[in-house]
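To keep things clear, I will list the structure first and then write my remarks on it.
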Amino acid sequence: MTSRRKHKQPLANPDPSKCLGVFGLSLETTARDLRHVFSQYGRLTGVNVVFHQRSGRSRGYAFVYFERLEDSKEAMERANGMEIDGRVIRVDYSITKRAHTPTPGIYMGKQSM
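In the working numbering, the protein residues as written are 2 to 114.
See below:
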């Protein structure tokens with residue numbers, strides 16, 4: 002059996018959250034760009050663009066944190082399908098309930114002994 006994370010909600014329908022995942026970003030999109038777009042919907046507590054650890058390049062997705070749940074709901078409804086830097090983005094509620102830590106940027110699946 003694999004050691005995959007178990008989530009209570011199906012991945013396709015996570016519970017509403019103050020943290021939104023923003024996917025399909027241009028590799029040129031910055032946290033500043035995302036702050037400019039998403040702050041229209043309410044006060045942000047943070048923006049985290051995910052970067053490849055070795056190359057330092059964007060991995061094309063980010064997490065946007067709102068102060069209020071109502072604001073994240075509005076942002077998800079209105080920004081999903083929006084175009085930013087020539088790319089149509091997908092916005093979803095974050096599956097996890099804790100802050101996101103940087104990922105290594107490489108596949109870390111089953112390792113041989």
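Backbone N, C-alpha and C define an ideal beta-carbon position, used for all residues, glycine too.
* To do: Count the other C-beta atoms from every protein chain shown that fall within 10 angstroms of the C-beta of Gly22, then say buried if there are 16 or more, exposed otherwise.
  => Working through the sequence shown from its first residue, we reach residue 22 at position 21. Gly22 should be labelled buried.
* Among residues of its own chain, excluding the 5 on either side of Arg58, which ones have a beta-carbon nearer than 8 angstroms to its beta-carbon? -> Residue 58 sits at position 57 when you count from the first residue of the sequence shown. Contacts found: Leu28 and Phe52.
* Between the CA atoms of Thr31 and Thr46 - distance to the nearest angstrom -> Counting from 1 along the sequence shown, the entry for residue 46 is found at position 45. Counting from 1 along the sequence shown, the entry for residue 31 is found at position 30. Per the coordinates, the alpha-carbon of Thr46 lies some 16 angstroms from the alpha-carbon of Thr31.
* Among His37, Val89, Tyr42 and Leu35, the one whose alpha carbon lies nearest that of Glu75 -> Locating residue 75 in the sequence shown gives position 74, where the first residue counts as 1. The shortest C-alpha to C-alpha distance from Glu75 to any of His37, Val89, Tyr42 and Leu35 is the one to Tyr42.
* Asked: Leaving out five residues before and five after Tyr108 in sequence, what residues of the same chain have Cβ atoms less than 7 angstroms from its Cβ?
  -> For the purposes of this step, residue 108 is taken as residue 107 along the sequence shown, with counting starting at 1. Residue placement at Tyr108 is poorly supported in this model, since its pLDDT is 41, which falls under 50; the coordinates still yield a value, given next. Excluding residues within five positions, none has a Cβ falling inside 7 angstroms.
* Asked: What is the C-beta distance between Pro17 and Ser95, in whole angstroms, given that I count them as a contact (C-beta under 8 angstroms)?
  -> One-based indexing of the sequence shown puts residue 17 at position 16. One-based indexing of the sequence shown puts residue 95 at position 94. 10 angstroms between Cβ atoms; not a contact.
* To do: Return helix, strand or coil for Arg79, following the three-state DSSP convention.
  => By 1-based counting over the sequence shown, the position of residue 79 is 78. The answer is helix: DSSP assigns Arg79 an H, G or I state.
* Enumerate in chain order the residues of its own chain whose CB-to-CB distance from Ala63 is below 8 angstroms, with the five nearest sequence positions on each side excluded. => Start at 1 with the first residue of the sequence shown, and residue 63 comes out as number 62. If we look at Ala63 and ignore the five residues flanking it on each side, its Cβ neighbours are Gly22, Val23, Leu26, Thr30, Ala32, Leu35, Val48, Asn49, Val50 and Val51.
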